[in-house]
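Residue numbers (UniProt numbering): 1 to 217. Okay, so here's the structure we're looking at.
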């Protein structure tokens with residue numbers, strides 16, 4: 001806090017406060033607005049589910065933007081050091097795909113959700129470094145991880161979803177981050193990755209200036 005000098009506590013992100021920090025967030029909010037407006041106008045039941053970071057098996061290892069779990073797991077699987085941005089202390093909210101499926105089914109079956117917005121998250125924040133260490137442990141590799149001195153331009157420092165609203169309807173996350181990591185690593189080991197995608201992904205993001213180096217001043 002600039003006034004008292006004490007550490008400020010991070011607030012959970014509920015469905016009411018809307019302040020997109022980048023073009024990706026703006027595009028998502030625009031889609032919500034269009035969907036809810038047209039849904040109400042033409043009496044088409046419409047529900048907006050805001051997923052946090054969905055994790056689990058069958059997440060494409062070739063997608064540049066499919067999440068930190070994919071990036072860390074593919075790097076370690078290829079025998080390389082995973083790239084950890086900033087200082088690794090960014091807080092993120094991870095939710096298992098099985099819990100997301102249950103939320104989707106609830107939305108199809110419960111009319112109380114019509115024309116509303118709901119967060120679908122894991123209910124707890126984990127640092128990016130904690131996730132990376134969990135992936136290394138799942139591969140039984142050394143977890144002495146290093147920071148990359150890089151950052152992704154436009155990334156939010158901390159974001160953890162408030163899932164209170166959806167929990168009032170009987171839903172809650174039941175799967176742990178450890179399970180998400182274990183399931184993905186087990187799936188990845190069965191897959192035959194045709195090429196090492198870690199370097200090409202980093203190169204592409206650097207070309208687009210998504211990834212930049214931290215300059216010490």
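Idealized CB from N, CA, C, for every residue including glycine. Computed from a prediction, not measured in an experiment: that's the story for all the values here.
- Query: Mapping DSSP to helix, strand and coil, what is residue 28?
  - Reply: Residue 28 falls in the helix class under three-state DSSP.
- Message: Relative to the C-alpha of residue 114, which candidate in 72, 192, 40 has its C-alpha closest?
- Response: Checking every option, the nearest Cα to that of residue 114 belongs to 40.
- Taking the CB atoms as reference points, tell me whether residue 126 and residue 92 lie closer together than 8 angstroms. Using a Cβ distance threshold of 8 angstroms, residue 126 and residue 92 count as a contacting pair.
- Task: Could you give the DSSP three-state label for residue 213: helix, strand or coil?
- Result: If DSSP states are grouped into helix, strand and coil, residue 213 belongs with the strands.
- Coarse secondary structure for residue 75, derived from DSSP in three states: When secondary structure is reduced to three states using DSSP, residue 75 falls in the helix class.
- Item | Beta carbon of residue 180 nearer than 8 angstroms to that of residue 96 | Result yes, Cβ atoms of residue 180 and residue 96 sit closer than 8 angstroms.
- Message: By the DSSP assignment, the beta strand (DSSP E) with residue 127 in it spans what residues?
- Response: Element bounds for residue 127: 125-127.
- 6 angstroms CB neighbourhood of residue 192 in its chain, flanking five on each side removed: Taken in chain order, the list of residues that qualify is empty.
- Would you report the Cα separation of residue 122 and residue 173, rounded to the nearest angstrom? So the alpha carbons of these two residues sit roughly 6 angstroms apart.
- Message: Would you say residue 39 lies against chain B (beta-carbon separation less than 8 angstroms)?
- Response: Protein chains in the displayed structure number just one, and chain B is not present.
- Query: What's the call for residue 34, buried or exposed, on a 16-neighbour Cβ count within 10 Å?
  - Reply: With fewer than 16 Cβ atoms within 10 Å of its Cβ, residue 34 is classed as exposed.
- Task: State the Cα-Cα distance for the pair residue 206 and residue 212, rounded to the nearest angstrom.
- Result: Straight through space, the alpha carbons of residue 212 and residue 206 are spaced by roughly 7 angstroms.
- Report all residues from its chain with a CB closer than 7 angstroms to the CB of residue 117; omit the five preceding and five following residues, and keep chain order. Correct list, in chain order: 15, 32, 48, 50.
- Message: Quick check on the DSSP output: what are the complete beta strand (DSSP E) runs of length 3 or more inside the region 121-168, in order along the chain?
- Response: If we require 3 residues or more, the beta strand (DSSP E) runs fully inside the region 121-168 come out as 125-127, 150-152.
- Determine the extent of the beta strand (DSSP E) in which residue 95 is found, giving its start and end residues. Per DSSP, residue 95 belongs to the beta strand (DSSP E) from 91-96.
- In angstroms, rounded to a whole number, what distance separates the CA positions of residue 78 and residue 71? Straight through space, the alpha carbons of residue 71 and residue 78 are spaced by roughly 11 angstroms.
- Message: Just to confirm the assignment, what range does the beta strand (DSSP E) spanning residue 54 have?
- Response: Judged by DSSP secondary structure, residue 54 falls within the beta strand (DSSP E) whose first and last residues are 53-55.
- Item | Exposed unless 16 or more other CB atoms sit within 10 angstroms - verdict on residue 136 | Buried, because 16 or more other Cβ atoms sit within 10 Å of the Cβ of residue 136.
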